[in-house]
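Residue numbers (the numbering used here): 1 to 123.
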């Protein structure tokens with residue numbers, strides 16, 4: 001099996017409203033970098049990819065053919081408090097304030113695209 005070096009073996013693929021705003025959210029909150037953006041003629045994203053560390057998230061805009069497909073995402077971060085504050089400032093809603101859990105320091109928030117995020121610093 002030959003997996004291209006810019007990809008992981010498995011990657012989430014989200015269908016979101018306003019994919020360009022989703023890119024901005026990912027950059028602001030997680031420091032994501034655009035890897036590939038394929039626009040459609042009507043000003044929406046047909047296929048997009050952002051990279052966070054060594055992980056890739058693929059996504060596209062909602063269309064009549066492809067309805068929203070949000071997800072719950074667990075992500076390791078260096079600073080949960082900072083990530084949480086950035087997310088709230090970018091319009092996310094709190095699901096759980098930062099707190100210590102047996103598996104690490106964590107929090108939860110829902111982005112305005114319907115995805116739940118669970119950033120964790122780990123133990």
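Backbone N, C-alpha and C fix where the C-beta goes; we use that ideal spot for every residue, glycine too.
Open item on the list: With DSSP as the reference, identify every bridge partner of residue 61, one or two as the case may be.
Closed with: The partner list for residue 61 (beta bridge, DSSP) reads 16.
Task: Coil, strand or helix - residue 25 by DSSP - done: helix
TODO: Could you say which of 100, 52, 86 lies nearest to residue 8 if we only look at CA atoms?
DONE: Measuring from the Cα of residue 8, the nearest candidate turns out to be 52.
Task: Span of the beta strand (DSSP E) around residue 97 - done: 93-101
Open item on the list: Distance check for residue 97 and residue 60, CA to CA, integer angstroms please.
Closed with: 29 Å
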